[in-house]
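Right, one structure below, let's go through it.
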Amino acid sequence: MHTKSGRLIGVGTGPGDPELLTLKAVRALEEADVVAFFAKRGSNGNARGIVGPHWRETWIELPLVYPVTTEIHKDSKEYREAILGFYEESVHKIEKHLEAGRIVAVLSEGDPLFYGSYMHLHVRLAGHWPTEVIPGVTAMSGCWSQTGTPIVQGDDILTVLPGTLSEFELTRRLADTDAAVIMKVGRNLPKIRRALAATGMLERAIYVERGTMANTSSVRLADKADDEAPYFSIVLVPGWAEKP
Numbered sequence: 001m002h003t004k005s006g007r008l009i010g011v012g013t014g015p016g017d018p019e020l021l022t023l024k025a026v027r028a029l030e031e032a033d034v035v036a037f038f039a040k041r042g043s044n045g046n047a048r049g050i051v052g053p054h055w056r057e058t059w060i061e062l063p064l065v066y067p068v069t070t071e072i073h074k075d076s077k078e079y080r081e082a083i084l085g086f087y088e089e090s091v092h093k094i095e096k097h098l099e100a101g102r103i104v105a106v107l108s109e110g111d112p113l114f115y116g117s118y119m120h121l122h123v124r125l126a127g128h129w130p131t132e133v134i135p136g137v138t139a140m141s142g143c144w145s146q147t148g149t150p151i152v153q154g155d156d157i158l159t160v161l162p163g164t165l166s167e168f169e170l171t172r173r174l175a176d177t178d179a180a181v182i183m184k185v186g187r188n189l190p191k192i193r194r195a196l197a198a199t200g201m202l203e204r205a206i207y208v209e210r211g212t213m214a215n216t217s218s219v220r221l222a223d224k225a226d227d228e229a230p231y232f233s234i235v236l237v238p239g240w241a242e243k244p
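Just so we're aligned: 44 in the numbering used here is position 44 of the sequence shown, and the numbers increase by one with no gaps anywhere.
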């Protein structure tokens, strides 16, 4: 462990609504010298936008720009090598600030340790530098609260699934749960819809896009006329079959 004063903070920004940024997250940002955030090429990213109302000109801004997103299949060797190199380069950039004694806050949409890119930095740096993680409201929590959907109760089992799974695996997992949250929807929506239909869950599934953001919308998935879905979309399948 380094003895210098550099410190790493993973800051959960919540799913989109700036008012869901926690008081602890705001206090952590007030301490920061450097604010890093993940973004696609040509964009500042959603997390950067969420903390916009609290932005300080004194911060050193450190964008971490993905080399690829959906242009290459995630299981290809080219994709894995590009992403691995990206995380290693990002660690190097952050560590230079830590070595200079700065406090580096890394913004993470939702919660940093739940499907968050921040965790790839955390596992590489936490063993060498003082590190703190500020939890954030997850996208799924924001979506079921926004739609007023009781998701599980009593002995209900909730399964969280990435929509990037194969249709066979989605169907298998859905058949063995009471409730589900399907993330990473995007171009996977047709496959998700078929898996839900195969398991008899389609009629109770709720589609939410851009949950808690200003331009959010939601609809019963069975009533959605097309299969277009942005990256920030989720499908909720509530349990609690015997509602009062």
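Note that the Cβ used here is the ideal one computed from N, Cα and C, for glycine as well.
Bear in mind the structure is a predicted one, so any value in this text is a computation, not a measurement.
Burial state of residue i (16 or more Cβ within 10 Å)
i       : result
Ser-141 : buried
Gly-110 : buried
Phe-168 : exposed
Leu-161 : buried
Pro-112 : buried
Ala-225 : exposed
Asn-46  : buried
Glu-242 : exposed
Gly-16  : buried
Glu-30  : exposed
Leu-23  : exposed
Lys-77  : exposed
Ile-9   : buried
Leu-84  : exposed
Ile-157 : exposed
Arg-56  : exposed
Ser-90  : buried
Val-217 : Note that residue 217 corresponds to Ser in the displayed sequence, not to Val. The residue in question, Ser-217, is exposed, as its Cβ has fewer than 16 Cβ neighbours within 10 Å.
Three-state secondary structure (DSSP) of residue i
i       : result
Leu-161 : strand
Met-119 : helix
Pro-63  : strand
Leu-170 : helix
Ile-234 : strand
Val-35  : strand
Arg-48  : helix
Gly-42  : coil
Ile-151 : coil
Val-124 : With the sequence shown as reference, residue 124 is identified as Arg, and Val is not the correct amino acid for it. Arg-124: helix per DSSP, three-state reduction.
Arg-193 : helix
Glu-57  : coil
Val-26  : helix
Asn-215 : coil
Leu-21  : coil
Lys-93  : helix
Met-201 : coil
Leu-98  : helix
Distance between residue j and residue i (C-alpha atoms, nearest Å)
i       : j       : result
Val-235 : Ser-5   : 43 Å
Gly-239 : Gly-163 : 19 Å
Glu-81  : Glu-88  : 11 Å
Glu-203 : Trp-129 : 49 Å
Phe-232 : Arg-220 : 17 Å
Val-237 : Val-181 : 6 Å
Pro-150 : His-92  : 43 Å
Gly-101 : Ala-32  : 11 Å
Met-183 : Leu-174 : 13 Å
Leu-189 : Cys-143 : 17 Å
Ala-39  : Arg-210 : 17 Å
Tyr-79  : Arg-41  : 16 Å
Thr-131 : Arg-7   : 6 Å
Pro-18  : Val-137 : 11 Å
DSSP bridge partner residues for residue i (one or two, in chain order)
i       : result
Gly-10  : Val-106 and Val-133
Ser-145 : Ser-145 is not bridged to any residue.
Met-183 : Pro-162
Arg-220 : Ile-206
The ligand ATP heavy atom lying under 7 Å from the CB of residue i
i       : result
Ala-179 : Among the components modelled here there is no ligand, and therefore nothing to report on the ligand ATP.
For residue j and residue i, believed in contact at Cβ under 8 Å, the rounded distance
i       : j       : result
Val-104 : Val-34  : 4 Å
Gln-146 : Thr-212 : 6 Å
Ile-50  : Thr-13  : 4 Å
Leu-125 : Ala-36  : That belief does not hold up - the Cβ atoms of Leu-125 and Ala-36 are roughly 12 Å apart, past 8 Å.
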